[in-house]
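Sequences listed follow chains A and B, in order.
Residue 383 in this note's numbering is what sits at position 383 of the first sequence, and the numbering runs on without skipping anything.
Adding 663 to a residue's 1-based position in the second sequence gives its number in this note's numbering.
Built from N, CA and C at the ideal position, the CB exists for glycine as well.
Worksheet: the structure to be examined is printed underneath.
Number of protein chains: 2
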Amino acid sequence: MRKLSASIREGAMAYLKRQYKVLIIFFIAMFVILSIMASFGMLTWFVPVAFVVGGFFSGLSGYVGMSIATRANARTANACQTGLNKGLRIAFSAGSVMGFTVVGLGLLYISVWYLLLKVVFGMDEGAITSAMLTFGMGASAMALFARVGGGIYTKAADVGADLVGKVEAGIPEDDPRNPAVIADNVGDNVGDVAGMGADLYESYVGSIISACALGYTAFAGSATVSAPAAVTFPLLLAAVGIICSMICTFLVKTGESTAQTELLKALSRGTNTSAILIAILAIPMVYFVFGSGNLGIYGAIVSGLLAGVLIGHFTEYYTSDTYKPTQNLAAESQTGAATIIIGGIGLGMMSTMAPVIIIGICIMCAFGFTGGFADANMGLYGIALAAVGMLSTLGITLATDAYGPIADNAGGIAEMAGLDPEVRERTDALDSLGNTTAATGKGFAIGSAALTALALIASYVQQVQLVGGPDIQLDLQVMNPAVLVGIFVGACLPFVFAALTMNSVGRAAQSIVIEVRRQFKEIAGIMEYKADPDYATCVEKCTSSSLHEMILPSVLAIVTPIVVGLILGYNGVIGMLTGSTATGFLLAIFMSNSGGAWDNAKKHIEAGNFGGKGSECHKAAVVGDTVGDPFKDTSGPSINILIKLLSMVSIVFAALIVNFHIF
Amino acid sequence: MRKLSASIREGAMAYLKRQYKVLIIFFIAMFVILSIMASFGMLTWFVPVAFVVGGFFSGLSGYVGMSIATRANARTANACQTGLNKGLRIAFSAGSVMGFTVVGLGLLYISVWYLLLKVVFGMDEGAITSAMLTFGMGASAMALFARVGGGIYTKAADVGADLVGKVEAGIPEDDPRNPAVIADNVGDNVGDVAGMGADLYESYVGSIISACALGYTAFAGSATVSAPAAVTFPLLLAAVGIICSMICTFLVKTGESTAQTELLKALSRGTNTSAILIAILAIPMVYFVFGSGNLGIYGAIVSGLLAGVLIGHFTEYYTSDTYKPTQNLAAESQTGAATIIIGGIGLGMMSTMAPVIIIGICIMCAFGFTGGFADANMGLYGIALAAVGMLSTLGITLATDAYGPIADNAGGIAEMAGLDPEVRERTDALDSLGNTTAATGKGFAIGSAALTALALIASYVQQVQLVGGPDIQLDLQVMNPAVLVGIFVGACLPFVFAALTMNSVGRAAQSIVIEVRRQFKEIAGIMEYKADPDYATCVEKCTSSSLHEMILPSVLAIVTPIVVGLILGYNGVIGMLTGSTATGFLLAIFMSNSGGAWDNAKKHIEAGNFGGKGSECHKAAVVGDTVGDPFKDTSGPSINILIKLLSMVSIVFAALIVNFHIF
């Protein structure tokens, strides 16, 4: 087990090192570009520095999370030899390290900058928030690279291992004879741990800094509430959220029953209690900071909290095989692969309805409660606070999420090390729970990304007004052709981005398929356990092809808002951001839920329904699952970051676009 | 052949009769609702009448087209016994009847109403155009039912016939032993002929009446151009377009070579010449109607014409196996069904980029050339004229489109009647060409739907201002939460609609699968040609299940804009329309092109590549094709109508929404 764990850790660390090496070049290039812009007065000199530091912190949270996760996998497998609760505790504790690293570093980053700008540079709140808005792009860019690269890695390894190992050679999953099995486990870490961490780090930072900026605008002229109070309130809320989440991690424990409902209860106890705690503590906080005249702000925070929980539940409903949709999907395997594919796509598309309604109600509530219909700036602050409210439980939500891949790895290690079948049963129970938390976590990530993106769009509008001064001609009407065309282009971006990342997975998986086939042919005795497969080459192939493939989609995400801005102007950019947020939100939900449902429909059949493992139905479900892999683990989650990064890039390049544009 | 053709015709007519029976109830109900609204003064009394007449004309064009198409199929097969050109001429002439019925009835409908309102009721142009805007809903509603019902029918029959016949029983396509084979041929007619006709009838009528209305607003106060001239210009342009198209149908003839390039040249000669003719004739028309000061209007018309042609070409590029994308897709079948599915989805999503850029440029050009940046009303008139320009060649474009299913039917009849293999070769050549024209036709339908929807949105804005008077508080900024939530809800609608229609196809196909299996089991001697299968029951099952399944999605499309309006107000409705147009446009292209590419990748393999018919690659490609069927023939094209119908319903219920809404 130690050997296996070490191989996985080595592979994961090797990947991160190579990834960071590639990114250093990118960060240096961006540093130079931003410095040039700063020297022309289009940005403050803080931006190039903040860009690099932000990227570093985002990378660091991924690195820390992953190095703990890769240390905890064998320990979890080992603990499962003694009992289920011990296994759960170790996996969950390791996930918590990741969760709290993300929120801790995020809050630290913002607080240090705030104090630095205020105390050392003596800036006022208006200048601080405007400057800090541009500080999120480093984290966004880093997150995109991590998500896209990690997503391609994990699915290339997974699909490659399955297509040759399971389908062609007929050996089970996680079989040590499969040369891609270590790469597959490495992938769980680089994709689901490091990628997810960077993603939510970015949402966290983005939502807080946009809330600070919108808070300043809302209360700049207020007689009753000081602007600094409104600006620091989101930080305070986030800090209280971290403490509540931390306390509630101790509530996560279980008995020895491997029943999913019991295990789910153990995790839900932690997340739900922390949400309730925050909802209670926010009452006095809002009262003391804003006074009794602004209690509507509390409504905005709770709207966000509730929306996050509800979207998570609907995601679970559509993707867990304890409910009808996924059970029906499994039944569609009876008429073959085509019908289960059609059914899964239909399910995913249908599942967009509930989150849209929830987010819609959340927006109207957050806007209305805060008094937005009388003063739009207040309403926009409300929307941003809803995002912060939703993300206030991030510490513990992320812990339940990052725990999944650790349990998954532990199962793989137990299998490969030939532990007692009882151990595998326990790790499987933990892993299966991890699939559910991963699905709800994805719903949460998407919901928070949409709210954060909206807050960032509102911030962008303010930034344009600030940079452009009185000359600015904002015409954000949807019938303005620049806005309209912007909406069309923005709506198109998530589709193109999803296409690029899916094709990347296809190409990268192809290279693994060829390599695994080669090893089965050339290394005599693999099948008889007489010779070890060459794990390292598969790891290396995954690393190089995923790093190679991550470049194009990432660069596209950074270049497009600038090009659109130069042509269509800031009005067009706002249209583009709106279009991409709406479509991106939908496409991300559709792809994540289709993928999750196919995965669980397959598991439902494997549990003995419709003929069980090896039946024709199972074969059809495996096709569905394979299609779903890049849906749910590469393209879907990458779109989250895309929509936030587009806003971040637009904010940073606002001055450029205000000065140079055609329409 | 006569017997077969008669069975197909009977089945198709039986379907239409039953469909119209169902719809009569709907039309009576809507007539009552609209009459009640009229009696409260929320609509003119013309609307209920126009609703019914519009629906009747739309249904009539579907009926005429289909009755010709079902008469021409056997004749085409017969003519192919003499030669290829004769077959092409018959199929294309029949398609032309359909094309010119649609445009002729469309133009007649509008002209008669115009004259009636002007001469008999003595209304002025402003009142006429405002009233006539509400006259499109009948055609829209009819089109939606025809498209959705027909789309479900055709794919349920196709999928059902393939799953049992081809996959389970191993008999070829169009084999007379398959009980669903007649239903399959009926489906080509009700879906691809009647459905497509109703769809484009609606775009045609919608674009012309919105252009008339926007023309009035643009020139109402003009000193140089009279408002009636601006209002009637779109009618004039459409009329000239019909004449040009008609002349060019005589250019369509070919030699005896079955090479696709030769055949394509024959059709392109007709469509391209007609586009060029219109482009030339539009110069003096614009000059005489608008004078030398408004020549920019000519630019708008040509933008539309060009955009239509370009979108068609890009559709061909992505879906024809003479180009790389579909060839590469066929290659992905080598690693199984999952990879070809992922590849096809990626291809479809990628293919949205070019049409979005084309439509974007077209909007900016049409708006800018007409002087929209100085006077937005002029620009909106320009966008509407671009739609009319694009649709001015509809007569001949629809002819090349409707010809496809006729050739497809002819092939089926040739096969079933046991004609000489040479005949089948000729019909196959015609059919294969029909696939290409169907794909370009779909691109054209989607592009024109998007432009028409935009023109209708602009008309809606004017209608709201007119109905609401000075009290109206239009705030169409994207940061207005009602608009924002509207955009999210609107963006979600095409996804939900696609999900509903896909699931409908799944359920309807399931009933055919069960019926075909039953017949194979219960009717002894089918396989040995000793007993005839019971075709009629399959036709009956397809009819009843598709009519049953068409209700929910259609009602959703009509009810949603009213509900959204009652909650979010007119600002929210405009957001919804914008969101649904943008996402609907993308989703329709994605689904149509994925489906088309899968179909042709399968044909590419059947032509002998990657192992040819019966190989593992072919099996994988069949899965892709089956998934693509509802994509390209049900959900994708239905979305076109959805986005137009949403605008139409909003326009009709504008007065209701202006008077009653929460936000």
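Chain A contact residues for residue i, given Cβ-Cβ distances below 8 Å
{"i": "Glu995/B", "result": "Gly506"}
{"i": "Phe690/B", "result": "Near Phe690/B there are no residues of chain A at all, since even the closest Cβ is about 28 Å away, more than 8 Å."}
{"i": "Pro1293/B", "result": "Ile342"}
C-beta neighbour in chain A for residue i, strict 9 Å
{"i": "Gln1173/B", "result": "yes"}
{"i": "Thr978/B", "result": "no"}
{"i": "Gly1009/B", "result": "yes"}
{"i": "Ser929/B", "result": "A quick correction: the sequence has Ala, not Ser, at residue 929/B. Cβ-Cβ to chain A under 9 Å: no for Ala929/B."}
Same chain, Cβ closer than 6 Å to residue i, five either side skipped, listed in chain order
{"i": "Val97/A", "result": "Ile68"}
{"i": "Arg75/A", "result": "Ile90"}
{"i": "Gly1258/B", "result": "Gly1291, Phe1294 and Lys1295"}
Backbone CA spacing between residue i and residue j [nearest angstrom]
{"i": "Val52/A", "j": "Ala429/A", "result": "41 Å"}
{"i": "Thr326/A", "j": "Ala620/A", "result": "14 Å"}
{"i": "Leu577/A", "j": "Gln1140/B", "result": "13 Å"}
{"i": "Gln81/A", "j": "Asp420/A", "result": "8 Å"}
{"i": "Leu1147/B", "j": "Asn272/A", "result": "30 Å"}
{"i": "Asn1143/B", "j": "Gly372/A", "result": "10 Å"}
{"i": "Ile209/A", "j": "Trp598/A", "result": "37 Å"}
{"i": "Asp124/A", "j": "Lys118/A", "result": "7 Å"}
{"i": "Gly441/A", "j": "Ile311/A", "result": "10 Å"}
{"i": "Thr436/A", "j": "His661/A", "result": "47 Å"}
{"i": "Gly918/B", "j": "Ala876/B", "result": "47 Å"}
{"i": "Thr370/A", "j": "Cys248/A", "result": "29 Å"}
{"i": "Thr707/B", "j": "Phe1316/B", "result": "12 Å"}
{"i": "Thr797/B", "j": "Ile1314/B", "result": "6 Å"}
{"i": "Ile342/A", "j": "Gly814/B", "result": "15 Å"}
{"i": "Val286/A", "j": "Ser274/A", "result": "18 Å"}
Chain B contact for residue i (CB, 9 Å cutoff)
{"i": "Leu626/A", "result": "Leu is not the amino acid found at residue 626/A; the sequence shown has Thr there. With 9 Å as the cut-off, Thr626/A counts as an interface residue toward chain B."}
{"i": "Cys212/A", "result": "no"}
{"i": "Ile691/A", "result": "Outside the modelled stretch of chain A, which goes from 1 to 663, sits residue 691/A, for which no answer is possible."}
{"i": "Phe248/A", "result": "A small fix is needed here, since residue 248/A is Cys in this sequence, not Phe. No, Cys248/A lies away from the interface with chain B (no Cβ there is under 9 Å from its Cβ)."}
{"i": "Phe520/A", "result": "no"}
{"i": "Gly596/A", "result": "no"}
{"i": "Cys492/A", "result": "yes"}
{"i": "Met502/A", "result": "yes"}
{"i": "Val513/A", "result": "yes"}
{"i": "Leu454/A", "result": "yes"}
{"i": "Thr339/A", "result": "yes"}
Cutoff 7 Å; reference residue i; Cβ partners in own chain excluding five residues on either side
{"i": "Glu836/B", "result": "Lys829"}
{"i": "Glu415/A", "result": "Asp174 and Arg424"}
{"i": "Leu656/A", "result": "Met37 and Met42"}
Listed by chain order, chain A residues near residue i by CB distance under 7 Å
{"i": "Gln1140/B", "result": "Leu476 and Gln477"}
{"i": "Ala1161/B", "result": "Met349"}
{"i": "Phe720/B", "result": "By Cβ distance, chain A contributes nothing, its closest Cβ being about 30 Å from Phe720/B, past 7 Å."}
Neighbourhood of residue i by C-beta distance below 8 Å, restricted to the same chain and skipping five residues each side
{"i": "Gly1074/B", "result": "Ala740, Asp837, Arg1087, Thr1090, Asp1091, Leu1093 and Asp1094"}
Neighbouring residues, chain B, relative to residue i (Cβ below 7 Å)
{"i": "Leu295/A", "result": "Going along chain B, no residue has its Cβ under 7 Å from Leu295/A, so there is no contact; the nearest lies around 20 Å."}
{"i": "Pro481/A", "result": "Ile1026, Met1027, Phe1030, Gly1035 and Gly1042"}
Contacts of residue i in chain B (Cβ-Cβ under 8 Å)
{"i": "Gly221/A", "result": "Going along chain B, no residue has its Cβ under 8 Å from Gly221/A, so there is no contact; the nearest lies around 20 Å."}
- [ ] Count the C-beta pairs between the segment 100-117 of chain A and the segment 444-456 of chain A that are closer than 8 Å, then say yes if the count reaches three, no if not.
- [x] Segments in contact, no.
Open item on the list: Could you check whether the segment 195-215 of chain A touches the segment 139-149 of chain A, counting it as contact only if at least three pairs of C-beta atoms, one from each stretch, sit closer than 8 Å?
Closed with: These segments touch.
- [ ] Check whether the segment 678-696 of chain B touches the segment 1053-1064 of chain B, taking contact to mean three or more Cβ pairs, one atom from each stretch, closer than 8 Å.
- [x] The segment 678-696 of chain B is not in contact with the segment 1053-1064 of chain B.
TODO: Determine contact between the segment 1263-1283 of chain B and the segment 1219-1237 of chain B, defined as no fewer than three beta-carbon pairs at a distance below 8 Å.
DONE: Too few Cβ pairs lie closer than 8 Å, so no.
Open item on the list: Quick check: the segment 292-308 of chain A against the segment 361-369 of chain A, are at least 3 beta-carbon pairs closer than 8 Å?
Closed with: Because the criterion of three Cβ pairs below 8 Å is met, the segment 361-369 of chain A and the segment 292-308 of chain A touch.
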